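Chain order of the listed sequences is L and S.
If you use my numbering, the first sequence closes out at 1108, no skipped numbers anywhere.
If you use my numbering, the second sequence closes out at 1108, no skipped numbers anywhere.
There are 2 protein chains.
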Amino acid sequence: MTQARKISADPAAVTDRLHSAAIHLLRRVRRQDVASGLGPAQLSALSVLMFGGPMGLGELAAAEQVRPPTMSRIVAALERQKLVERASDAGDARRIRLRATAKGQKLLQKGRRLRIAYLAGHFQKLSAKELSALGEAAEILENTLRNWS
Amino acid sequence: MTQARKISADPAAVTDRLHSAAIHLLRRVRRQDVASGLGPAQLSALSVLMFGGPMGLGELAAAEQVRPPTMSRIVAALERQKLVERASDAGDARRIRLRATAKGQKLLQKGRRLRIAYLAGHFQKLSAKELSALGEAAEILENTLRNWS
DNA sequence: GGAATTAGTTAGCACTACTAACGAAGTATA
DNA sequence: TATACTTCGTTAGTAGTGCTAACTAATTCC
């Protein structure tokens, strides 16, 4: 019965539906995240910097799938708000070393709490099995994105 | 073995990872979608209009989780490109009736083919089981988003 | 030493989001 | 009926995020 609908056989159909679901999921979240005072790109960059440790601007841009000029502006905004700080790279004066400040980490955790309170509140209505399915999907997507091409 | 890691038990963790995966998935897709000449919001609105049938601006804005002024601009851009056309609503002169043109439908299908060729190409590397897991997750997300609150 | 490459920035454009304020049309009510 | 309220969509102004092109400064290669 669970397999009665062929919901998952066709890569094209899965692509379509995941794409649409991702768009609308993020639109919901965006409304919550503005509470942090940061835009989505700033939040995401700060998050990468926090979990990935200090890195250069180019690496951060690559991690975020954005061009260097775009990341340059995002970082400038984060610096103005003292959420990120830069140090010069010993050994290569062209490079900069970006690091999340304590303030940045605090803000990120608060934003994460708000987002989770919002999203997870809805996800809690799901059965354990459904939640597990979402978790597995996230895992698969992470792997796929990591080894993209 | 498959259950060795508790990847899915915690709603907060699932939320976090789905959120991040959605962000990065869409960033990949965005790079492809610019080929259509439309921005992501225009593409998504056109798609809703095509699959949901003709509707008013307010409804479309609500469906897309955007404010009316935002949708007003998106629709204006689509009209300039003859992808959407408006008619007056018989019975309420304040309302407008938005409809995807044949040109809009054609463009949307072409964009969809490009996106699928790109994404599904990567998804094809997945096992049938993994693909099925993504399909189920899309289904669950769709339902959750539909009955949001 | 000079040329080519690499890291990051600046400038300028386009798209998408918001709020505030408005006009026009419909509805309710005194 | 006249006035007030509500609803629908638009206009104006601002902010954030994406891009390319062009630039400076530092490094590497020959």
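Backbone N, C-alpha and C define an ideal beta-carbon position, used for all residues, glycine too.
Keep in mind the model is a prediction, meaning the values are calculated, not measured.
Q) Does any CB atom of chain S fall closer than 7 angstroms to the CB of L/L985? A) Yes - at least one Cβ of chain S is within 7 angstroms of the one on L/L985.
Q | Residues that S/E1101 bridges to, as DSSP identifies them | A | Beta-bridge analysis with DSSP links S/E1101 to no other residue.
(Q) Considering only the alpha carbon of each residue, which of L/P970, L/A972, L/L977 lies closest to S/A1096? (A) The shortest CA-to-CA distance from S/A1096 to any of L/P970, L/A972, L/L977 is the one to L/L977.
Q | Contacts around S/M1030, its chain only, beta-carbon distance under 6 angstroms, and the 5 residues preceding and following it disregarded | A | Cβ within range, chain order: L1016, L1019, A1020.
**Q.** For S/L1078 and S/I1033, the rounded distance between their alpha carbons
**A.** Taken atom to atom, the span from the alpha-carbon of S/I1033 to that of S/L1078 is near 26 angstroms.
**Q.** From L/L997, L/T974, L/V1043, L/P1027, residue whose alpha carbon lies closest to that of L/K1069
**A.** Taking each of L/L997, L/T974, L/V1043, L/P1027 in turn and checking the Cα distance to L/K1069, the smallest one comes out for L/L997.
Q.
Please classify L/Q1001 as buried or exposed, where buried requires at least 16 neighbouring CB atoms within 10 angstroms.
A. Residue burial annotation: L/Q1001 is buried, with at least 16 other C-beta atoms found within 10 angstroms of its C-beta.
Q | Rounded Cβ spacing between L/R986 and S/W1107 (contact assumed at less than 8 angstroms) | A | Going by Cβ atoms, the distance from L/R986 to S/W1107 rounds to 11 angstroms, so no, they are not a contact pair.
**Q.** Nearest candidate by alpha-carbon position, reference L/L1057, set L/R1071, L/A971, L/S1006
**A.** For L/L1057, the nearest C-alpha among the options comes from L/S1006.
Q) What's the call for L/G1080, buried or exposed, on a 16-neighbour Cβ count within 10 Å? A) Exposed: under 16 other Cβ atoms inside 10 Å.
Q. Taking 7 angstroms as the CB-CB cut-off, is S/R976 touching chain L?
A. With respect to chain L, the C-beta atom of S/R976 has a partner C-beta closer than 7 angstroms.
**Q.** Under 9 angstroms by beta carbon: chain L residues contacting S/Q1024
**A.** Going along chain L in sequence order, the residues near S/Q1024 (Cβ under 9 angstroms) are H983, R986, R987, R989, R990.
Q. Beta-carbon of L/G1070 versus every beta-carbon of chain S: anything under 7 angstroms?
A. No, L/G1070 lies away from the interface with chain S (no Cβ there is under 7 angstroms from its Cβ).
**Q.** Nearest to S/V973 (by Cα), restricted to the options L/D992, L/E1101, L/L1093
**A.** A check of alpha carbon separations from S/V973 across L/D992, L/E1101, L/L1093 identifies L/L1093 as the nearest.
Q. Apart from the five residues just before and just after L/A1076, which ones in its own chain have a Cβ nearer than 6 angstroms to its Cβ?
A. Apart from the 5 residues on each side of it in sequence, L/A1076 has no Cβ closer than 6 angstroms to any other Cβ in its chain.
Q: Please decide whether S/Q1083 counts as near chain L, where near means a Cβ-Cβ distance under 7 angstroms.
A: Answer yes: the Cβ-Cβ gap between S/Q1083 and chain L drops below 7 angstroms somewhere.
Q.
Which same chain residues end up closer than 7 angstroms to S/Q962 when comparing Cβ atoms and leaving out the 5 residues on each side of it in sequence?
A. Annotation note: pLDDT 44 at S/Q962 (below 50); position unreliable, coordinate value reported separately. So no residue of the chain qualifies.
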